[in-house]
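Undergrad: Under our numbering, think of the first position of the sequence shown as 4, with each following residue one higher.
Cβ atoms here follow ideal geometry from the backbone N, Cα and C, with glycine treated the same way.
Predicted model only: the values in this text are computed from it and were never measured.
I am attaching a structure below and will ask some questions about it afterwards.
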Amino acid sequence: MAKTSENYELMYIIDLDKGEEEISALVEKFKALIEEHGTLNEQELIGKRKLAYLINDKPEGYYVLTRFASAPEFPAELDRVLKITDGIMRSLITVVGQ
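See below:
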């Protein structure tokens, strides 16, 4: 049976205290992880934005939106890595309809 693939959207927010170099390194880390386990369709560096509410007493964060396709098992692992990565304030992975 062929390996099935689904489309996903990942939005994550990076702590601005990390600085430009570390923010770029985190974006590159997750881009490489997605490319290793699936197909990166689009990545949008939204940049510095005001948060809807304070997270860790911080009013702003660096937003990144990524659209990718992968096997259904991968998003759980990606979510786990995002949760344990220092500097990631919030993340959300959603399935995008075909």
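If we ignore side chains and look at the alpha-carbon of each, how far apart do residue 12 and residue 61 end up?
TA: Going from the Cα of residue 12 to the Cα of residue 61 covers about 25 angstroms.
Undergrad: Spatial neighbours of residue 29 within its chain, please: C-beta separation below 8 angstroms, excluding the five flanking residues on both sides.
TA: Excluding positions up to five away in sequence, the list reads 17, 21, 88, 90 and 91.
Undergrad: Between which two residues does the beta strand (DSSP E) containing residue 75 stretch?
TA: Counting along the chain, residue 75 falls outside any beta strand (DSSP E), and DSSP gives it neither H nor E.
Undergrad: Which partner residues does residue 67 have in the DSSP bridge list?
TA: 15 and 48, per the DSSP bridge assignment.
Undergrad: What number of angstroms, rounded off, separates the C-alpha of residue 75 from the C-alpha of residue 41?
TA: Their backbone Cα atoms lie some 10 angstroms apart in a straight line.
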